[in-house]
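Okay, so here's the structure we're looking at.
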Amino acid sequence: MTDSANYILFNPTESKDTRSGFGAALLELGTTHPEVVALCADLTGSLKMGDFRDAHPNRFFQVGIAEANMIGLAAGMTVGGKIPFTGTFANFSTGRVYDQIRQSVAYSEKNVKICASHAGLTLGEDGATHQILEDIGMMKMLPNMTVICPADYEQTRQATLAIADYEGPVYLRFGRPKLPVFYKTDAPFEIGKAQKLMSGDDVTIIATGYMVWEAIKAAQILKEKGIHADVMNMHTIKPLDTDAILESAARTGKVVTAEEHQRLGGLGGSVSQVLAENNPTPMRMVAVDDSFGESGTPTQLMDKYGLNADAIVTKTLEIL
């Protein structure tokens, strides 16, 4: 685990969408990595892939609304030494093309980067059919697949750059809404290594993606109550930083996880398995409780489904 507390802005001054962090990094990779190519399923603007398309038109492939074909094309391109980045909504990146990912990418160990925007409830008004909440579980169960869920614009940019140099299939999950940019540009990022954001011995809070900032806010509320939390950003769901989990849990004796995903099969499930096998520890999960989403603004939905700082505080006080 890396100590990233000195690289965090606890009073961030700007907000950006994480998908724009992906777009910025993809454009940068176009210059630094000539073998990088991009494929999109008719959502260039939504995935922020337009700058790459304009700068490198011969390396951008618009496949239309044909996601399964996109995955097959990407897998084939790796045979010729290309590093394909595919882009579409998370629901279409995983649920619609699971067979193609399983057979042509994971089983075949192809160097495809599956980049998925508009994940989870924060997709908002498009409703339950588009708000996939099962994708982390689906992807982490595939052998050979790496699963990454960055926390803000800057970390999404860093993660996109990192996976270009990482050999093997990767699922990169990010989102639609603007979030506080709380990571400094020089913050370290290493695939498979959790980041400690705040230190404490009373409870361990492990969060991923959108919920990392909510975890920081929750820890600040708890601190006012005299409760000091170990706050961890588990940006890589697989491979999981088990050493970081076990070290913190051994000190605090209590764990709360937070994610924008189903309670079954996500980050919480992975953490609970590690604890059950190595050091059984009281635990609570902040996640969607086995239900689909619905149409609404991101804030409305996150409040209704209990995915916010207040929910993390409630679970923490419950376990204490």
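Note that this note's numbering gives residue 215 to position 195 of the sequence shown, counting from 1, and the numbers run on in steps of one.
All residues carry an ideal CB built from backbone N, CA and C; glycine is no exception.
Three-state secondary structure assigned by DSSP to residue i
| i | result |
| --- | --- |
| M252 | strand |
| Q215 | strand |
| V99 | helix |
| T64 | coil |
| G115 | coil |
| A207 | coil |
| S290 | helix |
| E314 | coil |
| I152 | coil |
| I91 | helix |
| R283 | coil |
| T51 | helix |
| V56 | strand |
| I265 | helix |
| K243 | helix |
Neighbour-count burial assignment, residue i, 16 or more Cβ in a 10 Å radius
| i | result |
| --- | --- |
| E87 | buried |
| S35 | exposed |
| R342 | The displayed coordinates of the chain run from 21 to 340. Any statement about residue 342 would go beyond what the structure contains. |
| I332 | buried |
| R193 | buried |
| I85 | exposed |
Residue i versus residue j: straight-line alpha-carbon distance, rounded
| i | j | result |
| --- | --- | --- |
| E280 | L153 | 7 Å |
| L242 | R304 | 16 Å |
| A126 | V190 | 9 Å |
| Y114 | F80 | Looking at the sequence provided, one finds Thr at residue 114 rather than Tyr. Distance between the alpha carbons of T114 and F80 is about 21 Å. |
| S128 | T98 | 11 Å |
| A75 | I121 | 28 Å |
| L199 | Q151 | 18 Å |
| A329 | G100 | 47 Å |
| Q282 | R196 | 18 Å |
| Q123 | G92 | 10 Å |
| K237 | M231 | 10 Å |
Check whether residue i and residue j have beta carbons under 8 Å apart
| i | j | result |
| --- | --- | --- |
| V306 | K324 | no |
| M254 | L287 | yes |
| L141 | G289 | no |
| M21 | A214 | yes |
| K102 | I257 | no |
| G316 | G144 | yes |
| A249 | A239 | yes |
| T166 | L46 | no |
| T64 | M90 | no |
| C169 | I156 | yes |
Residue i beta carbon near the ligand HEM (any heavy atom closer than 7 Å)
| i | result |
| --- | --- |
| D185 | Although the ligand HEM was asked about, the structure shown includes no ligands whatsoever. |
Looking at C-beta atoms only, is the number of pairs between the segment 69 to 78 and the segment 32 to 50 that lie closer than 8 Å three or more? A contact exists between the segment 69 to 78 and the segment 32 to 50.
Check whether the segment 134 to 141 and the segment 104 to 113 are in contact - that is, three or more C-beta pairs closer than 8 Å. Touching, yes.
Stretch-stretch touch, CB-based, cutoff 8 Å, three pairs: the segment 220 to 237 with the segment 179 to 190: Not touching, per the Cβ criterion.
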